[in-house]
Amino acid sequence: MHETLRPVPAEAPGERSSGPGWPEVVAGVAAYAVLYAGVVVCLRQADLSDTVAGLIGFVLSAVMGLGAFAVAALLRIRRLAPFGLRRVSGRSLLAAVGFGVVAYVLATIASLLYQAVAGDHQNVQVGYQAAAAGGIFWYLAVAVAGFVATPIGEELLFRGVLANGLGRYGAWASVLASAAVFALVHGLNPVLPVAFVVGVINALLLRRTGSVWPGIVVHGVNNALAMSVPVIIGLVSR
């Protein structure tokens, strides 16, 4: 099998038992829920412009993912490899860039279908897009927070903890359940199918490579395109 799609290496004796299970899944999801609730309360009380709110939203998304992952990882295991923080080849990461473009295209189609069927055309990413279009400083800040930090935090939690923790129930249970949870935390809106598509692709990559890094790259490329394409269209249409 081609290197970029190689299956997860066989586990050493006892490695499965040392990996994330229900304690880590429950702890991670619970921590994320608490952090999410706190963020919602704080943001509702703040009077912020779309630009500021968008950048803060990306920063908080990263913090929530990393914080919840830390709670899960420190619960019992306290090692990073069982959560998919394993090195992969440069070719695998380069292939992940291509998968990121594919994810963006498929996710865009899925979102358009959702809008056509559900009649839901709300743009819940106004703040994110406003921040990306706010000028070079704002775009660079969005790039760090939204294209790098947020993918790392969310992939560590939803793939590193959740998909790995559900892996004992089979590949598709792990892939579909983790993607469904990832989609639902984005809300019932046109972003839901986008998150589901990205979640499925990244969980499959985790199953193939044993690492969260390809998924982080896919996630980052998808976010970069989702924020950059509207900015480019806006500049061209002036």
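Residue numbers for the sequence shown follow the working numbering, so the first one is 20 and each next one is one higher.
We put the CB at the ideal spot given by N, CA and C, even for glycine.
> Okay, do the region 151-170 and the region 69-83 touch, 3+ Cβ pairs below 8 Å being the bar?
Replying inline: yes
> Over what stretch of residues does the alpha helix (DSSP H) that includes Ile75 continue unbroken?
Replying inline: Asp69 to Leu94
> Would Gly184 pass as a contact of Gly40 if the rule is Cβ separation under 8 Å?
Replying inline: yes
>> Could you check whether the region 204-222 touches the region 111-128, counting it as contact only if at least three pairs of C-beta atoms, one from each stretch, sit closer than 8 Å?
In response: yes
>> Our contact map puts Phe215 next to Ser197 with C-beta atoms below 8 Å; I'd like the distance itself, whole angstroms only.
In response: Wrong, their Cβ atoms sit about 10 Å apart, outside the cutoff.
> Which residues bound the alpha helix (DSSP H) around Val240?
Replying inline: Trp232 to Val255
> For Ala152, which of helix, strand or coil comes out of DSSP?
Replying inline: coil
> Between which two residues does the alpha helix (DSSP H) containing Ser111 stretch?
Replying inline: Gly109 to Ala137
> Nearest CA to the CA of Gly73: which residue from Val143, Thr127, Phe88 and Glu173?
Replying inline: Val143
> Looking only at C-alpha atoms, which of Val210, Val71, Val250 and Ala202 sits nearest to Ala152?
Replying inline: Val250
>> Could you check whether the region 43-60 touches the region 119-139, counting it as contact only if at least three pairs of C-beta atoms, one from each stretch, sit closer than 8 Å?
In response: no
> Roughly how many angstroms separate the alpha carbons of Ser193 and Gly76, rounded to a whole number?
Replying inline: 28 Å
> alpha helix (DSSP H) containing Gln64: first to last residue?
Replying inline: Trp41 to Gln64
>> Which complete alpha helix (DSSP H) runs does the region 188-223 hold, if anything under 4 residues is left out?
In response: 190-203
>> What does the alpha-carbon distance come out to for the pair Leu131 and Val124?
In response: 11 Å
> What distance in whole Å lies between the Cβ atoms of Ala46 and Ala91, which are believed to be in contact at a cut-off of 8 Å?
Replying inline: 5 Å
> Does the distance from the C-beta atom of Ala129 to that of Pro212 stay below 8 Å?
Replying inline: yes
>> So, at 8 Å on beta carbons, what are the nonlocal neighbours of Gln141 in its own chain, with the 5 sequence-adjacent residues on each side left out?
In response: Asn208 and Pro209
>> Would Val180 and Val44 qualify as a contact pair, given that the criterion is a beta-carbon distance under 8 Å?
In response: yes
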